[in-house]
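Working notes for the structure below.
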Ligand SMILES: Nc1ncnc2c1ncn2[C@@H]1O[C@H](COP(=O)(O)OP(=O)(O)O)[C@@H](O)[C@H]1O
Ligand SMILES: [Mg+2]
C-alpha cells in the first residue's frame with residue numbers, strides 16, 4: 006500500500022493515535038520544547054525485545070505535504086531511528102496522552118508517586134542535614150547525602166514546569182526530563198551484566214515547594230569554596246515542582262580534581278575504562294554520549310585491582326590503578342543536540358566546543374543516525390585533557406615518560422577508529 010517501514014516503536018498505534026501526531030507533524034515543530042513533547046508522546050522505555058515492526062501509513066502523500074527538501078525529510082527519518090531502541094510497554098501505551106498532563110503522569114509513574122510530595126517527605130531531616138553540594142549544571146544542582154539504605158548518593162535536583170527562568174534558561178518540562186530519565190535507566194540496567202561503568206540510577210522523585218534552607222546552606226558553602234556559576238535557588242515559590250534523580254555517588258569529576266590524579270598510569274586507566282564503558286553501551290544500545298567533557302567523567306578510589314566488563318560475550322579486564330571511573334549526564338545523549346540546541350556550537354576557547362562542531366560536521370547535522378565515531382571524538386578530547394592535566398607526581402621516571410608517550414600515540418591514532426568498541430579492541434594502549 007505504499008507504506009514504508011520506519012523503525013518507529015510498534016505500540017498500539019490506535020491508542021497512541023500516532024497517525025494524528027504524524028499528520029500534524031512538520032519540521033518547523035522541531036523546537037526543543039515540541040521535540041520533548043513529541044518524544045514523550047511516544048515514550049516507552051523498557052528494554053527492547055528484539056523485534057521491530059513497521060508502521061504503515063501513506064508515506065508519499067505525507068512526505069509531499071510536509072517536507073520541502075530531502076534534508077528535512079532526512080531529519081524526520083532520523084527521528085524515527087531513535088525509536089529503534091524503545092519498546093512497547095502496554096502500561097505506558099494505555100496512559101499515553103500528548104499533552105503536558107500526560108508527561109507529568111509518566112514522570113509520576115516513574116517515581117511511583119501519585120503526585121508531588123514535599124521536600125521533607127522525600128529527604129527526611131537526618132538525610133537533609135547531611136546534604137552537601139557536589140556539583141552543578143545549567144539545569145540543576147547536585148547534592149550528596151546518605152540515603153535510607155546507608156548508601157552515599159548524588160541527588161540531582163532539577164526545577165521543572167515553572168515559568169521563572171533558572172540560570173538564564175527556561176525550566177525543563179516533564180516531557181524534556183523524561184529523556185534523561187529513560188537513558189539513565191537504560192544505561193543503569195546494563196549493571197545487571199556487571200559490566201556497567203556509569204553511575205547507577207537508584208531512584209526518582211518529584212517534589213513541590215520552596216528550596217529547603219538546609220540545601221541553601223549547602224549551596225552557599227559550595228559557592229564560597231568554588232564560586233557557583235548558577236543563580237542562588239532561593240526564589241522558588243510554594244508551587245514550584247522539582248524532579249530529583251538519585252544516583253549512586255560516582256566520585257569527583259575530572260574537571261574538579263585537576264591535579265589529583267596521581268600518575269600517568271591512572272590516566273591510562275581512566276582512558277581505558279571510559280573507552281570500555283562507551284564500547285559496552287555502543288554494543289548494547291547503539292549509544293553515543295555526545296557531551297563527554299571532563300565535568301561528566303567521575304573518578305573515585307577503589308581497592309579492586311581490576312574492573313571487568315563483558316563485550317559481545319567475552320570478559321575483559323582493566324587494571325584500575327586504584328581508580329574507578331563512571332560516566333554521567335545523558336542530557337544530550339544520542340540525538341538531543343544539533344538542530345535543537347545550536348548555541349552549543351557557538352562556545353569557544355576549549356577543544357570541547359570544537360567537538361560539538363566536529364560531531365555536527367561528521368553527521369551532516371543528522372542527529373538521529375547512529376554515528377559511534379562521535380564517541381571516538383570525545384576520547385580524542387579526553388586524551389588531550391589527560392595529557393595537559395597536572396598530576397601529583399611529576400612525569401620524571403622513564404616509566405612515566407614511556408606512558409606519556411604511549412598516551413601521545415593513542416592521541417595520534419584514535420581518530421582513525423570507527424567506534425569506541427573498535428578502539429578498545431585494537432588500540433595498542435589497551436593490549
Ligand atoms: N552520580 C554522581 N556522583 C558524583 N557527582 C555527581 C554525580 N552526578 C553529578 N555529579 C556532579 O554534578 C555535576 C553536574 O551533574 P550533571 O549530571 O553533569 O548535570 P548537568 O546535566 O546539569 O551538566 C557533575 O559535573 C558532577 O560534578
Ligand atoms: Mg554535566
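Numbering (my numbering), first residue to last: 6 to 436.
For every residue, glycine included, the Cβ atom is placed at its ideal position computed from N, Cα and C.
{"Asked": "Taking the CB atoms as reference points, tell me whether residue 167 and residue 220 lie closer together than 8 angstroms.", "Found": "no"}
{"Asked": "Please go through the same chain and pick out, in chain order, the residues whose beta-carbon is closer than 8 angstroms to the beta-carbon of residue 240, but skip the five residues on each side of it.", "Found": "169"}
{"Asked": "Within the same chain, show all residues whose beta-carbon is closer than 8 angstroms to that of residue 158, passing over the 5 residues directly before and after it, in chain order.", "Found": "149, 150, 151, 152, 207, 251, 252, 253 and 254"}
{"Asked": "Have a look at residue 230 and residue 374 and give me their C-alpha separation to the nearest angstrom.", "Found": "42 angstroms"}
{"Asked": "Can the beta-carbon of residue 243 be found closer than 8 angstroms to that of residue 214?", "Found": "yes"}
{"Asked": "Could you give the first and the last residue of the continuous alpha helix (DSSP H) run that contains residue 361?", "Found": "356-367"}
{"Asked": "Kindly indicate which residue of 147, 181, 163 and 111 has the alpha-carbon position closest to the one of residue 338.", "Found": "181"}
{"Asked": "Check each candidate in 124, 118 and 429 and name the one with the smallest Cα separation from residue 380.", "Found": "429"}
{"Asked": "Need the endpoints of the beta strand (DSSP E) that residue 324 sits in, please.", "Found": "319-324"}
{"Asked": "State the start and end residues of the unbroken beta strand (DSSP E) segment that holds residue 329.", "Found": "328-332"}
{"Asked": "Might you give, ordered along the chain, the residues of its own chain that have their beta carbon closer than 8 angstroms to the beta carbon of residue 75, omitting 5 neighbours on each side?", "Found": "Low confidence applies here, because residue 75 scores a pLDDT of 36, under 50, leaving its location unreliable and the question unanswered by this model."}
{"Asked": "Report yes if the C-beta distance between residue 281 and residue 321 is below 8 angstroms; otherwise report no.", "Found": "yes"}
{"Asked": "Using 8 angstroms as the Cβ pair cut-off and three pairs as the minimum, do the segment 281-290 and the segment 392-412 touch?", "Found": "no"}
{"Asked": "Using a Cβ-Cβ cutoff of less than 8 angstroms, which residues in the same chain neighbour residue 263 once the five nearest sequence positions on both sides are dropped?", "Found": "394 and 395"}
{"Asked": "Only counting the same chain, and skipping five residues up and downstream in sequence, which positions put a Cβ closer than 6 angstroms to that of residue 39?", "Found": "Interpretation of residue 39 is limited by its pLDDT of 38, a score under 50 that renders its predicted location unreliable; the figure taken from the coordinates is listed afterwards. Contacts found: none."}
{"Asked": "Cβ-heavy atom distance between residue 301 and ligand 2 below 7 angstroms?", "Found": "yes"}
{"Asked": "Find the nearest neighbour of residue 422 within the set 412, 384, 304 and 400, judged by alpha-carbon distance.", "Found": "384"}
{"Asked": "Which term fits residue 308, buried or exposed, when burial requires 16 or more other beta carbons within 10 angstroms of its beta carbon?", "Found": "exposed"}
{"Asked": "Measuring only the C-alpha atoms, how far is residue 228 from residue 333?", "Found": "22 angstroms"}
{"Asked": "Please determine, among 403, 413, 129 and 138, the residue with the shortest C-alpha to C-alpha distance to residue 237.", "Found": "138"}
{"Asked": "For a quick check, are the C-beta atoms of residue 186 and residue 260 less than 8 angstroms apart?", "Found": "no"}
{"Asked": "At the level of alpha carbons, what is the spacing between residue 133 and residue 209?", "Found": "17 angstroms"}
{"Asked": "My output table needs one value for residue 161: the three-state DSSP class, helix, strand or coil.", "Found": "strand"}
{"Asked": "Using a Cβ-Cβ cutoff of less than 6 angstroms, which residues in the same chain neighbour residue 434 once the five nearest sequence positions on both sides are dropped?", "Found": "411 and 415"}
{"Asked": "Can you have a look at residue 398 and say buried or exposed, based on whether 16 or more other CB atoms are within 10 angstroms of its CB?", "Found": "exposed"}
{"Asked": "For residue 121, is the classification buried or exposed, using 16 other Cβ atoms within 10 angstroms of its Cβ as the cut-off for buried?", "Found": "buried"}
{"Asked": "Considering only their Cβ atoms, is the gap separating residue 256 from residue 368 smaller than 8 angstroms?", "Found": "no"}
{"Asked": "Cα-Cα, which of 389, 145, 249 and 278 is closest to residue 112?", "Found": "249"}
{"Asked": "For the alpha helix (DSSP H) containing residue 411, list its first residue and its last residue.", "Found": "403-418"}
{"Asked": "Sorry if obvious, but does the Cβ on residue 358 come closer than 7 angstroms to a heavy atom of ligand 1?", "Found": "no"}
{"Asked": "Leaving out five residues on either side along the sequence, give the residues of the same chain with a beta carbon under 8 angstroms from the beta carbon of residue 226.", "Found": "137 and 138"}
{"Asked": "Grouping DSSP H, G and I as helix and E and B as strand, with all else coil, what is residue 266?", "Found": "coil"}
{"Asked": "Between the Cα of residue 165 and those of 302, 183, 154 and 319, spot the shortest distance and give me the residue it belongs to.", "Found": "183"}
{"Asked": "Out of 107, 124 and 258, point me to the one whose CA is closest to residue 141's CA.", "Found": "258"}
{"Asked": "Once DSSP output is grouped into helix, strand and coil, what is the label at residue 306?", "Found": "strand"}
{"Asked": "What number of angstroms, rounded off, separates the C-alpha of residue 65 from the C-alpha of residue 145?", "Found": "Unreliable placement is indicated for residue 65, whose pLDDT of 37 sits below 50; the coordinate value is still reported in the next sentence. Straight-line Cα distance between these residues: approximately 43 angstroms."}
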